[in-house]
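In terms of our numbering, the sequence shown is residues -4 to 263.
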Amino acid sequence: MKVVTRYRVVGVTVVLLVVVGCVNAGCVRTAKVDPLANERARLVELDLAWEAGRYGLAYDGLTELAEGSNEADILWRLSRVAVSRGLAQPEPIAARDFYLVGRTMGWRCLSQSAEFEQRRRSGGWSAANDVIPHELASCALWTAVAWLRWMERVGPVGTEIDLVAIQGLLTNAEQHGAEQSVVHWGRALLAALSPNGTRDPVPLLRQAVKDEPHNLARVADFVFLGLIPAGRFDEVSDIVDAVRDYQDLKPESRNAQKRLLHWQQGAR
-4 MKVVTRYRVV
6 GVTVVLLVVV
16 GCVNAGCVRT
26 AKVDPLANER
36 ARLVELDLAW
46 EAGRYGLAYD
56 GLTELAEGSN
66 EADILWRLSR
76 VAVSRGLAQP
86 EPIAARDFYL
96 VGRTMGWRCL
106 SQSAEFEQRR
116 RSGGWSAAND
126 VIPHELASCA
136 LWTAVAWLRW
146 MERVGPVGTE
156 IDLVAIQGLL
166 TNAEQHGAEQ
176 SVVHWGRALL
186 AALSPNGTRD
196 PVPLLRQAVK
206 DEPHNLARVA
216 DFVFLGLIPA
226 GRFDEVSDIV
236 DAVRDYQDLK
246 PESRNAQKRL
256 LHWQQGAR
C-alpha cells in the first residue's frame, strides 16, 4: 500500500508540473468572450419574448442593454416594445408614458447618425429625414409609430410640426425597405390623426387590419379612428361580434378586445 501511495503522489506531482509548464509556455489559453455575440444572442431571446407577448420581460431586458449601449438594433427594439406596452395599457396616462419612451428611444436611435443630428439641429426634421441612412430605417419607422400614438394621447399640440416630421420618417422607412405592414399602419394612423386631412383614413386602416387580421389593436384603430367617426356603426357591430370570442391574445389585443366590447355594451 505504501508503494502504491508513493506512485500516486509522484504521478500527481508530475501531472501538476506538466500543467504548470504548459501554462507558462502558453499552450493553455483562456477562451475569449465575444461581447457582440453575447449581445446578439440576448437580442434573439428578447425578440422571442416580444413575439410571445412577454412585453415586460422584453422591455426590461432592452432597457438594461440600452443603459450601456447606443446600438441601433437595441434602441429601435426598445421603441417597438414600448409601443406594444402602451397599447396593452388600459390606463391612458400609462399608455402615453410608454409612447413617450418609444419616441425618445427612436430619436436616440436616429441621433446615432451624426449627419442626421446636424441637419435636424440646423434645418429641422424636413432637412434631416432625407439623410437617414438605410441601417436606421427601423429607427425611423418605430419613432414615427410611437410619435403618432403619443400624439393620439396628448392631442393636437404642435400637430402640424409633428405631422411633417412623421410623414418624412415614414417615407424614409418605406424607401429603405422597413417592415411594410408597420409602414401601412403608420400611414393609416397619420391620415386618421391629421386635422383636416386630405386622405380618407378608412381604406388605409382597413389595409392595416388586412396585413395583420389577428392584431386587435389594429382592429380597434380601424373602429375608433375610422368607422365610428364615419358613422358606420353597423359595420362596427359586425366586427365586434366577430372578435368577441377570440382567445389566447397578446396583451395589446386583449386590451383592444375589452375596448371594443365596452363600446358595444354602451351602444346598446
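Here a beta-carbon is modelled for each residue, glycine too, at the ideal position from N, C-alpha and C.
Please classify residue i as buried or exposed, where buried requires at least 16 neighbouring CB atoms within 10 angstroms.
i: residue 89; result: exposed
i: residue 252; result: buried
i: residue 236; result: exposed
i: residue 33; result: exposed
i: residue 240; result: exposed
i: residue 179; result: buried
i: residue 196; result: buried
i: residue 204; result: buried
i: residue 183; result: buried
i: residue 70; result: buried
i: residue 117; result: exposed
i: residue 157; result: buried
i: residue 261; result: exposed
i: residue 293; result: In the structure as shown, the chain begins at -4 and stops at 263. Residue 293 is therefore absent and cannot be evaluated.
i: residue 109; result: exposed
For residue i, which of the options has the nearest alpha-carbon?
i: residue 173; options: 100, 144 and 139; result: 139
i: residue 132; options: 149, 158, 228 and 170; result: 170
i: residue 213; options: 79, 45, 110 and 163; result: 79
i: residue 175; options: 111, 206 and 225; result: 206
i: residue 256; options: 219, 225 and 226; result: 219
i: residue 85; options: 250, 203, 76 and 261; result: 250
i: residue 149; options: 109, 68, 105 and 95; result: 95
i: residue 64; options: 103, 42, 165 and 81; result: 103
i: residue 254; options: 61, 45 and 217; result: 217
i: residue 259; options: 245, 215, 53 and 183; result: 215
i: residue 74; options: 97, 93 and 60; result: 97
i: residue 221; options: 243, 158, 189 and 36; result: 189
i: residue 36; options: 163, 109 and 68; result: 68
i: residue 208; options: 62, 81, 194 and 244; result: 244
i: residue 247; options: 227, 210 and 226; result: 210
i: residue 147; options: 177, 187, 110 and 262; result: 187
i: residue 60; options: 38, 87 and 261; result: 38
i: residue 106; options: 93, 83, 81 and 66; result: 66
Between residue i and chain C, is the shortest Cβ-Cβ distance under 8 Å, so that the two count as touching?
i: residue 128; result: No chain C is present in this structure, which holds just one protein chain.
Hey, is residue i close to the ligand GDP, as in C-beta under 7 Å from one of its heavy atoms?
i: residue 174; result: Within the structure as shown, the ligand GDP is missing, as the structure has no ligands at all.
How many angstroms separate the CA atom of residue i from the CA atom of residue j?
i: residue 161; j: residue 142; result: 7 Å
i: residue 119; j: residue 112; result: 9 Å
i: residue 129; j: residue 136; result: 12 Å
i: residue 115; j: residue 144; result: 22 Å
i: residue 57; j: residue 229; result: 42 Å
i: residue 264; j: residue 234; result: Because residue 264 is not part of the residues shown, which for the chain are -4 to 263, the question remains open.
i: residue 167; j: residue 124; result: 7 Å
i: residue 100; j: residue 232; result: 37 Å
i: residue 51; j: residue 127; result: 30 Å
i: residue 18; j: residue 181; result: Residue confidence is low: residue 18 scores 42 on pLDDT, short of 50, so the model does not pin down where it sits. Its coordinate-derived value is still stated next. In a straight line, the C-alpha of residue 18 is about 59 Å away from that of residue 181.
i: residue 134; j: residue 238; result: 32 Å
i: residue 185; j: residue 91; result: 17 Å
i: residue 47; j: residue 198; result: 29 Å
i: residue 62; j: residue 165; result: 27 Å
i: residue 43; j: residue 227; result: 38 Å
i: residue 41; j: residue 53; result: 5 Å
i: residue 202; j: residue 194; result: 14 Å
i: residue 87; j: residue 77; result: 14 Å
i: residue 159; j: residue 49; result: 34 Å
i: residue 191; j: residue 200; result: 17 Å
i: residue 163; j: residue 93; result: 23 Å
Helix, strand or coil: how does DSSP classify residue i here?
i: residue 33; result: helix
i: residue 124; result: helix
i: residue 224; result: coil
i: residue 47; result: coil
i: residue 242; result: coil
i: residue 167; result: helix
i: residue 203; result: helix
i: residue 193; result: coil
i: residue 119; result: coil
i: residue 64; result: coil
i: residue 0; result: In this prediction, residue 0 has a pLDDT of 44, which is less than 50 and means its spatial position is unreliable; what the coordinates show is noted afterwards. In the structure shown, residue 0 sits in a helix (DSSP, three-state: H, G or I).
i: residue 135; result: helix
i: residue 173; result: coil
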